[in-house]
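The structure under discussion appears below in the form of structure tokens.
Number of protein chains: 2
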Amino acid sequence: MVLIKRLIQKLRAKSLTLSAAESCTGGYLSYLLTQTPGSSHVFKGAVVVYSLQAKQQFFFLPKSLLETTQGVSKQVARLLAQNCRKTFKTDIAVSIVGAAGPESVKTFKPGTVFIAVATSKKTIVKKFIFKGTRDAMRKAAAKRAIGVLCARLLP
Amino acid sequence: MVLIKRLIQKLRAKSLTLSAAESCTGGYLSYLLTQTPGSSHVFKGAVVVYSLQAKQQFFFLPKSLLETTQGVSKQVARLLAQNCRKTFKTDIAVSIVGAAGPESVKTFKPGTVFIAVATSKKTIVKKFIFKGTRDAMRKAAAKRAIGVLCARLLP
Numbered sequence: 001m002v003l004i005k006r007l008i009q010k011l012r013a014k015s016l017t018l019s020a021a022e023s024c025t026g027g028y029l030s031y032l033l034t035q036t037p038g039s040s041h042v043f044k045g046a047v048v049v050y051s052l053q054a055k056q057q058f059f060f061l062p063k064s065l066l067e068t069t070q071g072v073s074k075q076v077a078r079l080l081a082q083n084c085r086k087t088f089k090t091d092i093a094v095s096i097v098g099a100a101g102p103e104s105v106k107t108f109k110p111g112t113v114f115i116a117v118a119t120s121k122k123t124i125v126k127k128f129i130f131k132g133t134r135d136a137m138r139k140a141a142a143k144r145a146i147g148v149l150c151a152r153l154l155p
Numbered sequence: 156m157v158l159i160k161r162l163i164q165k166l167r168a169k170s171l172t173l174s175a176a177e178s179c180t181g182g183y184l185s186y187l188l189t190q191t192p193g194s195s196h197v198f199k200g201a202v203v204v205y206s207l208q209a210k211q212q213f214f215f216l217p218k219s220l221l222e223t224t225q226g227v228s229k230q231v232a233r234l235l236a237q238n239c240r241k242t243f244k245t246d247i248a249v250s251i252v253g254a255a256g257p258e259s260v261k262t263f264k265p266g267t268v269f270i271a272v273a274t275s276k277k278t279i280v281k282k283f284i285f286k287g288t289r290d291a292m293r294k295a296a297a298k299r300a301i302g303v304l305c306a307r308l309l310p
């Protein structure tokens, strides 16, 4: 994927580092980000926070927020990205949470995904709705996260 | 992948939980493990320890061992699996470290991979050498980790 290569090159040229917190995509975003040789200069790691426990343990999300949202909300994505950035001590962090299906999570139907990007200055969160099979939705969400990163970071 | 589904079903039936520490595969193993709906009952999460810093920070690997090995050795895989199991408080943990290429890591040529599986009773570590492109080697390593888990856990 040309976009991933460009993103990694750009971050490397600017000496910027990146980390990730992934829930519904289960590691696919990290897999994409590490496809390019030399990505280790930029990408420091990720946590696949596939349980509420992991979201709480690694990124200190309040138990009450996790119980209310079952881990899927704009606020969860925002806090994951912000705290991921601090935990990994990276310049940028990206997070993905959502309902991969087959069941809805609270009021969110399968395919509903929140993607957040945190820098020292600002955190943005975007909501998307993907369609298709579980696998297609998960892959689309990971690819869209690359797109969100590029929109923030590439000229 | 039928094997993944069988593995998740088996672990769920036995009420066993699983976590992962991935280096060279960059999240692809976690992506495979979470392909099956309901995998969240079994798979609690993973850390993509794509830097020496992450291996030290999340799983307490000695700095001296990481510097000597550059993160690729039987002992690194063993400690990652054992400490991943403790960190996630899961019954089983699997780890993958290796040289994804294009460069060798110390004496290990691209394609050299160590896979470890830790339970409360025992930790096993296996060495593999994969051939092909960077992507093919990474995918093969993640799939082989599923195979190692199945060999340990399926009847």
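Chains as they are written, first to last, in the working numbering: chain A, 1 to 155; chain B, 156 to 310. Even for Gly, the Cβ is constructed at its ideal location relative to N, Cα and C.
>> Looking at the strands, I want to know which residues DSSP matches up with residue 271(B).
In response: Mapped onto the second sequence, residue 271(B) falls at position 116. Partner(s): 250(B) and 280(B).
> Quick one: Cα of residue 173(B) to Cα of residue 305(B), how far?
Replying inline: Counting from 1 along the second sequence, the entry for residue 173(B) is found at position 18. Counting from 1 along the second sequence, the entry for residue 305(B) is found at position 150. Each residue's Cα considered, the two are about 12 Å apart.
> List, in order along the chain, the chain A residues whose C-beta lies closer than 7 Å to that of residue 208(B)?
Replying inline: For the purposes of this step, residue 208(B) is taken as the residue at position 53 of the second sequence. For residue 208(B), the neighbours in chain A by C-beta distance under 7 Å run, in chain order, 44.
> In or out: residue 137(A) buried (at least 16 other Cβ within 10 Å) or exposed?
Replying inline: Looking up residue 137(A) in the first sequence gives position 137. Burial check for residue 137(A): the Cβ neighbour count within 10 Å reaches 16 or more, so the residue is buried.
> Looking only at its own chain, which residues have a Cβ that is under 7 Å from the Cβ of residue 259(B), when we skip the five neighbours before and after it?
Replying inline: On the second sequence, position 104 is the one that residue 259(B) refers to. If the five residues before and after residue 259(B) are omitted, its C-beta is found closer than 7 Å to the C-beta atoms of 265, all from its own chain and listed in chain order.
> What separation, rounded to the nearest whole angstrom, lies between the Cα atoms of residue 233(B) and residue 272(B)?
Replying inline: Translated into the one-based positions of the second sequence, residue 233(B) becomes position 78. Translated into the one-based positions of the second sequence, residue 272(B) becomes position 117. Cα to Cα, the separation comes out at about 8 Å.
> From residue 148(A) to residue 33(A), what does the alpha carbon distance come to, in whole angstroms?
Replying inline: If you number the first sequence from 1, residue 148(A) lands on position 148. If you number the first sequence from 1, residue 33(A) lands on position 33. Each residue's alpha carbon lies about 13 Å from the other.
> Could you give the distance in angstroms between the alpha-carbon of residue 194(B) and the alpha-carbon of residue 163(B)?
Replying inline: Here residue 194(B) refers to the residue found at position 39 of the second sequence. Here residue 163(B) refers to the residue found at position 8 of the second sequence. Linking residue 194(B) to residue 163(B) through their CA atoms gives a straight-line distance of about 6 Å.
> Between residue 262(B) and chain A, is there a C-beta pair that is closer than 8 Å?
Replying inline: Start at 1 with the first residue of the second sequence, and residue 262(B) comes out as number 107. Look at residue 262(B): its C-beta is not under 8 Å from any C-beta on chain A.
> Going by alpha carbons, who is nearest to residue 295(B) out of 159(B), 157(B), 180(B) and 169(B)?
Replying inline: For the purposes of this step, residue 295(B) is taken as residue 140 along the second sequence, with counting starting at 1. For residue 295(B), the nearest C-alpha among the options comes from 180(B).
> Can you name the residues that DSSP bridges to residue 200(B)?
Replying inline: The residue labelled residue 200(B) in the question sits at position 45 within the second sequence. Per DSSP, the beta-bridge partners of residue 200(B) are 174(B).
> For a contact meaning CB atoms closer than 9 Å, what does residue 27(A) contact in chain B?
Replying inline: Residue numbering aside, residue 27(A) sits at position 27 when the first sequence is read from its first letter. Neighbourhood of residue 27(A) in chain B, by CB distance below 9 Å: 175, 177, 180, 181, 182, 183, 184, 185, 186, 187, 188, 189, 201 and 203, in chain order.
>> What residue range does the alpha helix (DSSP H) around residue 156(B) cover?
In response: What you label residue 156(B) is simply residue 1 of the second sequence in a count that begins at 1. Boundaries cannot be given for residue 156(B), as no alpha helix (DSSP H) includes it and DSSP labels it neither H nor E.
>> Here's a check: name, in chain order, each residue in its chain whose Cβ is nearer than 6 Å to the Cβ of residue 274(B), leaving out the five neighbours to either side.
In response: The residue given as residue 274(B) occupies position 119 in the second sequence. The beta carbon of residue 274(B) is closer than 6 Å to those of 247 in its chain, skipping five residues each way along the sequence.
> How about the segment 210-221 of chain B and the segment 64-76 of chain A: do they share at least three Cβ pairs that are nearer than 8 Å?
Replying inline: Because the criterion of three Cβ pairs below 8 Å is not met, the segment 210-221 of chain B and the segment 64-76 of chain A do not touch.
>> For residue 171(B) and residue 51(A), what's the separation of their Cα atoms in angstroms?
In response: Stepping through the second sequence from its first residue, residue 171(B) is reached at position 16. Stepping through the first sequence from its first residue, residue 51(A) is reached at position 51. Rounded to the nearest whole angstrom, the C-alpha separation of residue 171(B) and residue 51(A) is 15 Å.
> Using the rule of at least 16 other Cβ atoms within 10 Å of the residue's Cβ for burial, across every protein chain shown, is residue 392(B) buried or exposed?
Replying inline: For chain B, the structure presents residues 156 to 310; residue 392(B) sits outside this window and is missing.
>> To be precise: take each residue of the segment 114-135 of chain A, compare its Cβ to all Cβ atoms of chain B, and keep it if any distance is under 8 Å. Which residues remain?
In response: For the segment 114-135 of chain A, the set of positions with a beta-carbon nearer than 8 Å to some beta-carbon of chain B reads 134 and 135 in chain order.
> When we look at the beta-carbon of residue 286(B) and count the other beta-carbons within 10 Å, is it buried (16 or more) or exposed?
Replying inline: Your numbering for residue 286(B) matches position 131 in the second sequence. Residue 286(B) comes out exposed.
>> Could you give the first and the last residue of the continuous alpha helix (DSSP H) run that contains residue 150(A)?
In response: On the first sequence, residue 150(A) is found 150 positions in, with the first residue counted as 1. Counting along the chain, the alpha helix (DSSP H) containing residue 150(A) begins and ends at 134-153.
> Would the beta-carbon of residue 296(B) be found less than 7 Å away from any heavy atom of the ligand SAH?
Replying inline: Here there are no bound small molecules, and the ligand SAH is not part of this structure.
> Name the chain E residues whose beta carbon is nearer than 8 Å to that of residue 195(B)?
Replying inline: No chain E appears in this structure, whose protein chains are A and B.
> Helix, strand or coil: how does DSSP classify residue 215(B) here?
Replying inline: Here residue 215(B) refers to the residue found at position 60 when the second sequence is read from its first residue. Residue 215(B) sits in coil when the DSSP states are folded into three classes, being neither helix nor strand.
>> Looking at residue 288(B): is its Cβ nearer than 8 Å to the Cβ of residue 237(B)?
In response: Locating residue 288(B) in the second sequence gives position 133, where the first residue counts as 1. Locating residue 237(B) in the second sequence gives position 82, where the first residue counts as 1. One thing to note: residue 288(B) has its Cβ no nearer than 8 Å to the Cβ of residue 237(B).
> Leaving out the 5 sequence neighbours to the left and right, which residues in its chain are closer than 6 Å to residue 297(B) when beta-carbon positions are compared?
Replying inline: Within the second sequence, numbered from 1, the residue matching residue 297(B) stands at position 142. Exclusion of the five residues before and after residue 297(B) leaves 180, 183, 184 and 187 as the residues of its chain whose Cβ lies within less than 6 Å of its Cβ.
>> Closer than 9 Å between beta carbons: that is the criterion. Which residues of the segment 247-262 of chain B meet it against chain A?
In response: Contact annotation: in the segment 247-262 of chain B, residues whose CB is within less than 9 Å of a CB in chain A are 255, 256, 257 and 258.
> Does the Cβ of residue 209(B) have 16 or more other Cβ atoms within 10 Å, making it buried, or fewer, making it exposed?
Replying inline: Looking up residue 209(B) in the second sequence gives position 54. Label assigned to residue 209(B): buried.
> Based on Cα-Cα distance, which residue from 85(A), 69(A) and 87(A) lies nearest to residue 99(A)?
Replying inline: Locating residue 99(A) in the first sequence gives position 99, counting from the first residue. Distances from the alpha-carbon of residue 99(A) to those of 85(A), 69(A) and 87(A) put 69(A) closest.
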